[in-house]
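Numbering (numbering that gives the first Met the number 0) for the sequence shown: 0 to 339. Cβ atoms here follow ideal geometry from the backbone N, Cα and C, with glycine treated the same way. Worksheet: one structure, shown below.
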Amino acid sequence: MDIGLVLQTDPPADLLVDRMARADRLGFTHGWTFDSVVLWQEPFVVYSRVLERTENLVVGPMVTNPGTRAWEVTASLFATLNDMFGNRTVCGIGRGDSAMRVAGRSPATLARLSLAMAAIKDLAEGREADVDGASLRLPWVRDGALPVWMGAYGPRALELAGRQADGFILQLADPYLTEWMVRAVRAAAADAGRDPAEITVCAAAPAYVTDGSARGLAHAREQCRWFGGMVGNHVADLVARYGHSGAVPQELTDYIEARQGYDYSHHGRADNPDTAFVPDGVVDRFCLLGTVEEHVAKLERLREAGVDQFAVYAMHDDVDGVIDAYGRDVVPAVAGFCHY
Numbered sequence: 000m001d002i003g004l005v006l007q008t009d010p011p012a013d014l015l016v017d018r019m020a021r022a023d024r025l026g027f028t029h030g031w032t033f034d035s036v037v038l039w040q041e042p043f044v045v046y047s048r049v050l051e052r053t054e055n056l057v058v059g060p061m062v063t064n065p066g067t068r069a070w071e072v073t074a075s076l077f078a079t080l081n082d083m084f085g086n087r088t089v090c091g092i093g094r095g096d097s098a099m100r101v102a103g104r105s106p107a108t109l110a111r112l113s114l115a116m117a118a119i120k121d122l123a124e125g126r127e128a129d130v131d132g133a134s135l136r137l138p139w140v141r142d143g144a145l146p147v148w149m150g151a152y153g154p155r156a157l158e159l160a161g162r163q164a165d166g167f168i169l170q171l172a173d174p175y176l177t178e179w180m181v182r183a184v185r186a187a188a189a190d191a192g193r194d195p196a197e198i199t200v201c202a203a204a205p206a207y208v209t210d211g212s213a214r215g216l217a218h219a220r221e222q223c224r225w226f227g228g229m230v231g232n233h234v235a236d237l238v239a240r241y242g243h244s245g246a247v248p249q250e251l252t253d254y255i256e257a258r259q260g261y262d263y264s265h266h267g268r269a270d271n272p273d274t275a276f277v278p279d280g281v282v283d284r285f286c287l288l289g290t291v292e293e294h295v296a297k298l299e300r301l302r303e304a305g306v307d308q309f310a311v312y313a314m315h316d317d318v319d320g321v322i323d324a325y326g327r328d329v330v331p332a333v334a335g336f337c338h339y
């Protein structure tokens, strides 16, 4: 199993670059950032520095979207980085949550996302693509390669990921829900005539390593409770679309009944005041909390559910501690996990 690191592009950028360089030395395979340029700094500028400072790390957004950049701009950004540093980028993409809503726009439709994924991949790999009716090609691209991994939760989005994407990003670490969603993605891939095993599965969630004490666990929960609120934004959309029809597991939807709203100025932060509705049980299910041994045991369960990479959301008060603990203890432990 691969281990990735997810950071926000808070200033100073040098600190993020230093942390990504340390993660690269410690055996992390991927370096991810959020892509919400009003809330945080522009990630593609930072990627250039990260790639310059690392040898093996593959970098990309978790996730970008079809609306905040023109598709040819997104493709050119990836293709330029690949030309400078070798093919070491990945395009994580979804409908758009904070980046779109902070700007007063609605997330993209799945139809629009599908068109964008095809165009961005084709352009970044040197092929001609249709962009809103115009046939475009980046003539300077040589031997470009850009895997496109799609973030998804609901049935229609999971179907699109299986039908089209190179990888599937699931932003939670609940083994039961992971198995349910991976099964849906692989079924859609098979229905589309694809080999389901060729789709890379990445689970991403906060990880907090503790000393095993009750006090340590309680602190870790408070530091990671924000994640249940962030996931709740997507879940609220699913409930609005599907209601309680059974199309989406209750294990994902029930907990948002007490949700009252969401302030994006606290998005992805441990001090988010809009997460009081998230119970301890959801934090425990959605995140990785506890001792190193408990992390490794849950990662094994995720591997059994079909996960190829776990990406550590390091948005809490012990960023460096979790990077070091994972590099020292977890990366070597999961290196022997077999992939499907």
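Does the Cβ of residue i have 16 or more other Cβ atoms within 10 Å, making it buried, or fewer, making it exposed?
i    : result
N55  : exposed
M99  : buried
R327 : exposed
E158 : buried
L10  : Sequence inspection shows Pro at residue 10; the Leu mentioned does not correspond to that position. Counting Cβ neighbours within 10 Å, P10 comes out exposed, since fewer than 16 surround it.
T350 : No statement about residue 350 is possible, as the shown extent of the chain runs from 0 to 339 and does not include it.
Q249 : exposed
T108 : exposed
D253 : exposed
V37  : exposed
M61  : buried
G85  : exposed
M19  : buried
Have a look at the options and flag the residue whose alpha-carbon is nearest the alpha-carbon of residue i.
i    : options                : result
L176 : E197, L135, I198, L251 : L251
N81  : A133, F167, V140       : V140
F276 : I255, V295, F285       : I255
A332 : P60, F27, R21          : F27
G161 : R87, M180, V295        : M180
A102 : H29, M19, D34          : D34
M345 : Y312, M314, D307       : Only positions 0 to 339 of the chain appear in the structure, and residue 345 is not among them; the question remains open.
A313 : L237, L76, P278, A219  : A219
A12  : R24, E41, A22          : E41
V45  : V329, W70, T88         : T88
G215 : D316, A107, R104, Y325 : D316
T199 : V318, F309, V321       : F309
V58  : P65, N64, R48, G66     : R48
A128 : A74, A110, P106        : A74
E303 : A172, T63, Y241        : A172
C201 : V234, V311, T274       : V311
E71  : L114, G227, G231       : L114
At what residues does the beta strand (DSSP E) containing residue i begin and finish?
i    : result
H29  : 29 to 32
S35  : That residue, S35, is in no beta strand (DSSP E); it is neither H nor E in DSSP.
W148 : 147 to 150
A128 : 128 to 130
Within 9 Å (strictly less), CB to CB, does residue i reach chain C?
i    : result
A128 : In the structure shown, chain C cannot be found, because there is only a single protein chain.
For the alpha helix (DSSP H) containing residue i, list its first residue and its last residue.
i    : result
L135 : It is not in any alpha helix (DSSP H) - L135 instead sits in the beta strand (DSSP E) that spans 133 to 135.
L80  : 70 to 84
V16  : 12 to 24
L112 : 109 to 123
Restricting to runs no shorter than 4 residues, where is the alpha helix (DSSP H) found entirely within the segment 271 to 323?
279 to 285, 291 to 303
Between the segment 142 to 149 and the segment 159 to 178, can you find at least three pairs of beta-carbon atoms closer than 8 Å?
yes
Decide if the segment 192 to 201 is in contact with the segment 121 to 141; the criterion is three or more beta carbon pairs, one per stretch, under 8 Å apart.
no
Starting from the N-terminal side, write out each stretch of the beta strand (DSSP E) that is 3 residues or longer and does not extend beyond the segment 162 to 249.
166 to 169, 199 to 208
Per the contact definition of three or more C-beta pairs closer than 8 Å, is the segment 287 to 303 in contact with the segment 205 to 225?
yes
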